[in-house]
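Trainee: One structure follows; several queries about it will come next.
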Amino acid sequence: MSQIVQITDLHLVAGDGPLLLEHDTRAAFLKMRKYLMEHHADCERLIVTGDLVHDEREDVYQELFEALSPWHDRLRVIPGNHDTRAPMQKVFSSIIREDPESVSFLDELNGWTLIGLDTLIEGSVEGDLAGEQWGWLRSTVSACAGPVAIFMHHPPVFVGSQWIDQLSLASLGIFANLVEDFEQIKLVICGHVHQEFYTQIFHADVFTTPSTCVQFKPNSHDFAVDAIAPGFRTFNLKGDGSYETKVIRL
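Sequential numbering from 39 applies to the sequence shown in this note's numbering.
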């Protein structure tokens with residue numbers, strides 16, 4: 039069994055940066071990092087699913103990369119709508135695919151194929167697959183004999199909050215059709231919505247994960263902040279294609 043830790047929506051700002059919705063994102067991240075160092079330092083992958091920073095500064099990406107240095111050989115990242123592609127490509131060049139149009143990754147773990155997608159549309163809150171990723175994703179999955187887990191910032195589903203469902207993946211139908219075509223897609227793992235959620239697309243289980251900082255209230259027509267604690271998610275992947283997952287809140 040191999041463990042993945044997913045953290046998402048860090049929204050880090052520079053040391054002198056403002057609070058986000060009255061939350062100190064830097065302090066929240068450092069608290070999360072301390073817990074991970076104490077309890078999950080030996081996880082096989084640490085995957086950050088977007089909105090790494092909030093003010094798009096290269097030095098904040100660099101600071102984050104250094105803060106996560108204990109996991110460097112096991113670290114994977116993808117962007118969210120608050121990120122900027124160019125500085126991410128520069129700072130994280132050693133752990134992403136060589137693709138000028140995306141910040142994405144392809145990895146293997148315990149018989150699973152792990153695919154990280156770039157859904158950033160720069161200047162927009164909603165998302166879609168950047169560059170030539172649709173073709174790359176289809177060809178990559180078609181070559182996989184074993185189970186596949188896809189990581190992406192924007193959920194390819196609605197989560198029941200009208201305001202944020204308008205800001206999800208633009209090509210929901212295309213993504214669902216792709217999942218339907220490939221039984222080996224077992225997991226779709228997302229961020230963006232700052233809340234825990236589960237549903238299915240055909241045979242694939244779809245999860246969203248709490249932010250490391252501020253949380254959004256589920257099932258809200260309009261934007262609303264939730265008082266529930268920040269969190270992260272773990273996945274224990276088994277060689278037979280099954281898995282276990284749970285959310286841990288701090």
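Heads up, the beta-carbon is just placed ideally off N, CA and C, and yes, glycines get one too.
#1: Ordered along the chain, which non-local residues of its own chain (more than five positions away) have a Cβ less than 7 Å from that of S140?
#2: How long is the line joining the alpha carbons of Y99 and L50, rounded to whole angstroms?
#3: Assuming P108 contacts M75 (C-beta within less than 8 Å), just tell me the rounded distance between them.
#4: In whole angstroms, what separates the C-alpha of K224 from that of S180?
#5: Closest to S131 by CA distance: which of V115, H259 and L68 is it?
#6: Would you kindly check if the distance between the Cβ of M70 and the Cβ of K276 is under 7 Å?
#7: For V252, tell me which candidate among V43, T63, D166 and F196 has the shortest Cα-Cα distance.
#8: For W150, which beta-bridge partners are listed by DSSP?
#9: Along the beta strand (DSSP E) that carries V226, what are the first and last residues, could you check?
#10: Can you give me the start and stop residues for the beta strand (DSSP E) that F245 sits inside?
Mentor: Reading it off the structure:
#1: D156, A168, G169 and Q171
#2: 9 Å
#3: 7 Å
#4: 14 Å
#5: V115
#6: no
#7: T63
#8: L147
#9: I223 to C228
#10: A242 to T246
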